[in-house]
Ligand SMILES: [Zn+2]
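Residue numbers (the working numbering): 2 to 105.
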């Protein structure tokens with residue numbers, strides 16, 4: 002068997018386990034995680050890379066207009082593609098909410 006076939010077998014096996022509802026059990030969370038990982042390895046095109054450039058730009062703009070509510074320090078995005086910002090002074094993190102018809 003080649004790698005792909007092995008992955009396929011694993012996917013089927015995990016799918017069966019999920020069919021039995023094992024992934025819903027307390028110690029079965031890894032099953033759904035693993036299923037997604039294998040699926041991604043086999044069919045990466047199912048998980049298109051989202052282009053986050055627009056969001057990043059919008060967040061950079063937002064950071065220019067807003068200061069930390071706690072200390073008035075400057076805010077920056079925690080990492081590219083993230084919806085979280087962090088204060089460069091006191092380290093407080095904030096989750097930006099997605100509003101309709103807006104990037105933030
Ligand atoms: Zn702050």
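A virtual CB, placed ideally from N, CA and C, is assigned to each residue, including glycine.
Remember, predicted model here, so these are calculated numbers, not experimental data.
Q | Where the beta strand (DSSP E) containing residue 77 begins and where it ends | A | For residue 77, the enclosing beta strand (DSSP E) begins and ends at 76-78.
Q: With residue 37 as the anchor, note down where its beta strand (DSSP E) starts and where it stops.
A: In the DSSP assignment, residue 37 falls outside any beta strand (DSSP E) and within the unbroken alpha helix (DSSP H) covering 30-43.
Q | Coil, strand or helix - residue 91 by DSSP | A | Three-state result, residue 91: coil.
Q) For ligand 1, which residues have a Cβ under 6 angstroms from at least one heavy atom, in chain order? A) Every residue passing the under-6 angstroms Cβ criterion appears here: 69, 71, 72, 74, 88, 90, 91 and 93.
Q: Just the C-alpha distance for residue 57 and residue 9, rounded to the nearest angstrom, thanks.
A: It is roughly 36 angstroms from the alpha-carbon of residue 57 to the alpha-carbon of residue 9.
Q: Can you have a look at residue 47 and say buried or exposed, based on whether 16 or more other CB atoms are within 10 angstroms of its CB?
A: Residue 47 is exposed by the Cβ-count criterion.
(Q) Among the candidates 38, 85 and 74, whose CA atom is the shortest distance from the CA of residue 12? (A) Nearest of 38, 85 and 74 to residue 12, Cα basis: 38.
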